[in-house]
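**Student:** In this text, residue positions in the sequence shown follow the numbering used here: the first is 192, and each later residue adds one. Backbone N, C-alpha and C define an ideal beta-carbon position, used for all residues, glycine too. Here it is, the structure in full.
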Amino acid sequence: MTDYLMQRNGVYYYRRRVPDYVAHYDPRTFVRSSLQTRDRREAMRKAIIHNDFIEEYWRSLIRHRGELTPQTDYKLAVKRAQTFNLSYRSAVEISEAPIERIVNRITHVTRELESKDTVKAVLGGINKPSVKLKDCLKQYWPLAEIRLVNKSDNQIRKWRNPRQAAFLFFTDVIGKDRRVEDMQRADILKFQGALRERIAKREILANTANKSLGYVKDILSCVALENEIDVNFRALFEDLKFKMEKNSRQPFEASYVQNTLLKGNALAGLNDEARMLVFAMSDTGARESELIGLRRQDIILTGDIPFIWIQPYEGHALKTPHSERKIPLVGASLHAFQQQPSGFTRYNTSDVVSSTINKYLRENDLKPSPKQTLYSLRHTFKDRLRDIGAPEEVIDELMGHKSRGPKYGRGHLLEKKYEWLKQIAFEITK
């Protein structure tokens with residue numbers, strides 16, 4: 192920080208060259224500001240605060256491509272006031288303060304008259320901006336970027352689209368020009384009522400409506416926090432969830448999977464990768480997206496216990512942190528990966544392969560119930576483990592679910608999981 196200190200006539204100044212990466216937006220060669228002290232230790236303290244402010248200013252310029260929003264102007268004014276060891280106050284609040292505090296602020300300003308930004312920051316010249324609902328999504332996406340680390344383009348699309356749809360419906364119901372700071376419980380109840388009507392018309396399921404409530408709450412909460420808007424959205428959305436329908440996905444009977452799906456030529460009309468994905472899912476219970484995301488190095492066929500390692504990597508995120516796991520390969524899944532040692536490279540997204548397989552099952556009368564889909568194999572896998580008395584924590588670990596009880600230790604060894612899976616492995620006739 193001493194590199195940014197200079198002294199003139201005994202008074203210390205903060206001085207820093209504008210770096211190349213932001214020079215396009217900040218035309219100054221140097222940033223210079225009086226620290227209003229002759230004491231070096233005090234100057235160091237103030238220089239750190241000034242440096243934090245100027246770096247936040249540069250980040251804002253880059254983030255908004257040189258065009259600062261009213262929200263950014265306000266935040267920078269707050270930070271600039273802090274560089275003078277002052278809390279930002281509006282002009283009205285300052286006028287109501289004791290006279291000695293007003294004089295203190297004016298004293299700071301008289302030393303920095305050349306800086307209009309300083310005058311505004313110290314004397315409350317920037318009003319706290321309001322945020323309209325129609326502007327929330329634009330603010331929310333950058334705030335949520337950290338949640339999208341390692342997600343593929345398709346995963347980002349599937350994450351973003353339902354949130355956007357939910358919030359746009361919310362603004363249609365409440366009004367696009369309403370302000371975030373004006374939101375009340377009555378507004379949220381109105382939104383809930385609109386969702387209830389859609390459920391009654393069978394346009395959406397209760398589960399979808401509950402997700403929409405959660406998405407809107409998250410967006411409003413993030414934007415409010417970012418803009419220092421004092422609204423308790425947690426309280427506004429409390430106790431509004433709809434009663435969930437019974438799971439509409441019906442599992443296949445294990446005997447049907449063994450004697451029909453995996454036997455003979457039932458799946459002969461599918462391409463090799465789609466057919467082997469059915470086999471792999473049958474004896475791993477893994478999600479389609481997890482199987483599609485496996486790389487060659489995640490498929491270990493050597494050693495005493497072959498297994499797959501479902502793990503995140505750049506461009507591929509998992510549904511939850513608990514989804515990362517190792518699953519031993521037995522029966523149908525071992526056969527599948529022996530045929531596909533490099534994984535399922537034909538498909539980039541799980542949507543395509545799911546659609547392909549579900550269409551095939553439907554058109555070839557391979558669904559005893561209309562509620563059964565490819566994903567039903569995951570439920571079948573869980574039922575089979577329960578039928579042999581596998582502990583719930585073992586089942587949760589194999590399924591990639593969060594354990595119901597407190598988690599201690601490193602989890603179950605591959606050998607233990609292998610012993611349970613051997614007991615339910617489907618027989619494959621080659």
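In the DSSP output, what is Val202 paired with across the bridge?
**Tutor:** Arg199
**Student:** Might you give, ordered along the chain, the residues of its own chain that have their beta carbon closer than 7 Å to the beta carbon of Met467, omitting 5 neighbours on each side?
**Tutor:** Excluding the 5 residues flanking it on each side, Met467 has same chain C-beta neighbours closer than 7 Å at Ala527, Gln530, Gln531, in chain order.
**Student:** Give me, in chain order, the residues of the same chain whose beta-carbon lies closer than 8 Å to that of Arg229; leave out the 5 immediate sequence neighbours on both sides.
**Tutor:** Gly201, Val202, Tyr203
**Student:** By alpha-carbon positions, which one of Lys311, Thr263, Arg575 ends up nearest to Arg280?
**Tutor:** With distances taken between Cα atoms, Arg280 lies closest to Lys311.
**Student:** Threshold first: 4 residues or longer. Then list the alpha helix (DSSP H) segments lying entirely within the segment 426-510, N to C.
**Tutor:** 463-475, 479-483
**Student:** Give the secondary structure of Phe382 by DSSP, where H, G and I count as helix, E and B as strand, and everything else as coil.
**Tutor:** helix
**Student:** Less than 8 Å between C-beta atoms, sequence neighbours within five positions excluded: which residues of the same chain meet that for Arg199?
**Tutor:** none
**Student:** If I'm right that Val414 touches Gln330 with Cβ under 8 Å, what's the distance once you round it to whole angstroms?
**Tutor:** 5 Å
**Student:** The beta strand (DSSP E) that contains Ile518, what's its start and end?
**Tutor:** Here the beta strand (DSSP E) through Ile518 covers 516-519.
**Student:** For Leu509 and Ile501, which I take to be in contact (beta-carbon distance under 8 Å), what is that distance rounded to the nearest angstrom?
**Tutor:** 7 Å between Cβ atoms; contact.
**Student:** Assuming the contact rule is C-beta atoms closer than 8 Å, Leu427 and Lys367 should be a hit. Round their C-beta distance to whole Å, please.
**Tutor:** In fact, because the Cβ distance is near 19 Å, the residues do not count as touching under 8 Å.
**Student:** Among residues of its own chain, excluding the 5 on either side of Lys266, which ones have a beta-carbon nearer than 8 Å to its beta-carbon?
**Tutor:** Glu247, Ser251
**Student:** What's the gap between the Cα of Asp378 and the Cα of Pro561?
**Tutor:** 39 Å
**Student:** So is Ser412 buried or exposed if we call it buried at 16+ other beta carbons inside 10 Å?
**Tutor:** buried
**Student:** Between which two residues does the beta strand (DSSP E) holding Arg231 run?
**Tutor:** Under the DSSP assignment, Arg231 falls outside any beta strand (DSSP E), being part of the alpha helix (DSSP H) whose first and last residues are 231-254.
**Student:** Cutting at 8 Å between CB atoms, please list the residues of its own chain near Ala477, excluding the five before and the five after it.
**Tutor:** Ala471, Ile499, Ile501, Ile518, Arg569, Gly591
**Student:** Please say whether Gly460 and Asp489 have beta carbons closer to each other than 9 Å?
**Tutor:** No.
**Student:** Can you tell me which of Val521, Leu404, Pro442 puts its alpha carbon nearest to the alpha carbon of Lys432?
**Tutor:** Leu404
**Student:** I'd like to know whether the C-beta atoms of Arg338 and Val313 end up nearer to each other than 9 Å.
**Tutor:** No Cβ-Cβ contact shorter than 9 Å links Arg338 with Val313.
**Student:** According to DSSP, is Arg370 part of a helix, a strand, or is it coil?
**Tutor:** strand
**Student:** Please determine, among His513, Thr536, Pro512, the residue with the shortest C-alpha to C-alpha distance to Arg487.
**Tutor:** Thr536
**Student:** With 16 other CB atoms within 10 Å as the buried threshold, where does Leu589 fall?
**Tutor:** buried
**Student:** What's the C-alpha gap between Leu604 and Ser545?
**Tutor:** 31 Å
**Student:** Helix, strand or coil, according to DSSP, for Tyr599 in the structure here?
**Tutor:** Interpretation of Tyr599 is limited by its pLDDT of 47, a score under 50 that renders its predicted location unreliable; the figure taken from the coordinates is listed afterwards. In the structure shown, Tyr599 sits in coil (DSSP, three-state: anything other than H, G, I, E or B).
**Student:** Can you tell me the Cα-Cα spacing of Asp542 and Arg389, whole angstroms?
**Tutor:** 25 Å
**Student:** Spatial neighbours of Gly484 within its chain, please: CB distance less than 6 Å, with the 5 preceding and 5 following residues excluded, ordered by chain position.
**Tutor:** His507
**Student:** Write down the C-beta distance between Phe443 and Thr263 rounded to the nearest angstrom, noting that I regard them as a contact closer than 8 Å.
**Tutor:** Contact between Phe443 and Thr263 does not hold, since the beta-carbon distance rounds to 55 Å and is not under 8 Å.
**Student:** For Lys349, does the three-state DSSP call read helix, strand or coil?
**Tutor:** helix
**Student:** Around the Cβ of Arg207, are there at least 16 other Cβ atoms within 10 angstroms (buried) or fewer (exposed)?
**Tutor:** Per the 10 Å Cβ criterion, buried.
**Student:** Can you tell me whether Glu606 is helix, strand or coil according to DSSP?
**Tutor:** helix
**Student:** Please report the Cβ distance between Ala457 and Arg575, rounded to the nearest whole angstrom; I am assuming they are in contact, meaning their Cβ atoms lie under 8 Å.
**Tutor:** Not really, about 19 Å apart at Cβ, beyond 8 Å.
**Student:** What residues match up with Val422 in a beta bridge as DSSP calls it?
**Tutor:** Beta-bridge pairing links Val422 to no other residue.
**Student:** Distance, Cα to Cα, Glu336 vs Ile619?
**Tutor:** 45 Å
**Student:** Who are the Cβ neighbours of Arg440 in its own chain at under 8 Å, not counting the five residues just before and after it?
**Tutor:** Lys562, Gln563, Thr564, Tyr566, Ser567, His570.
**Student:** Tell me whether Phe221 sits in a helix, a strand or coil according to DSSP, three-state version.
**Tutor:** strand
**Student:** Within 10 angstroms of the Cβ of Ala357, are there 16 or more other Cβ atoms? Answer buried if so, exposed if not.
**Tutor:** buried
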